[in-house]
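Here's the structure, in structure tokens; my notes come after.
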Amino acid sequence: MNKIQHKELAPQIFNLKGWIEIVDETILKDAFSDILSQAGFQTLNYSSHQFPVNGFTAFWLLAESHLALHTFTESGWCYIELSSCNKQKTLQFKELCKQFNANIRWNNEIENCIPPSH
Numbered sequence: 194m195n196k197i198q199h200k201e202l203a204p205q206i207f208n209l210k211g212w213i214e215i216v217d218e219t220i221l222k223d224a225f226s227d228i229l230s231q232a233g234f235q236t237l238n239y240s241s242h243q244f245p246v247n248g249f250t251a252f253w254l255l256a257e258s259h260l261a262l263h264t265f266t267e268s269g270w271c272y273i274e275l276s277s278c279n280k281q282k283t284l285q286f287k288e289l290c291k292q293f294n295a296n297i298r299w300n301n302e303i304e305n306c307i308p309p310s311h
């Protein structure tokens with residue numbers, strides 16, 4: 194198991210948000226677990242909840258923050274949101290998503306969110 198290394202970082206989060214037309218939990222879990230690993234993210238935990246009627250929500254707790262998926266099975270869409278304190282890994286994640294051969298419609302470029310000044 195990899196050890197988590199402490200590193201002092203400026204307070205900022207890089208957000209990546211988008212939509213994908215896949216709602217199958219197995220396909221999404223396998224693909225995004227692999228993409229996170231290839232991008233260099235360290236997964237600490239994975240959790241998901243299957244709703245009784247339809248859909249599921251999944252969450253990867255990362256050493257660098259988290260990835261969340263929310264499916265809307267009636268419409269066939271899954272919302273993706275990655276938040277990370279590591280810009281390079283976030284950029285790599287977005288690039289690797291192209292290999293998934295699914296048309297991910299990113300809402301925007303990676304947003305850099307920083308706290309307001311005092």
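Here this note's numbering is used: position 69 in the sequence shown is 262, and no number is missing along the way.
Note that the Cβ used here is the ideal one computed from N, Cα and C, for glycine as well.
Here the structure is a predicted model, which means the values were calculated and not measured.
Out of Gly269, Ala203, Ser268 and Leu275, the CA that lies nearest to the CA of Leu262 is found in Leu275. With a beta-carbon spacing of about 6 Å, Trp253 and Leu229 fall inside the 8 Å limit used to define contacts.
Per the coordinates, the alpha-carbon of Thr283 lies some 18 Å from the alpha-carbon of Asp223. With contacts defined as CB atoms closer than 8 Å, Glu304 and Phe207 qualify as a contacting pair.
If you draw a straight line from the Cα of Gly248 to the Cα of Thr266, it comes to about 5 Å.
For Ser240, there is no enclosing alpha helix (DSSP H); the enclosing beta strand (DSSP E) has its first and last residue at Thr236 to Gln243.
Put simply, of Pro308, Ser277, Trp299 and Thr219 the residue whose alpha carbon is nearest the alpha carbon of Ala232 is Ser277.
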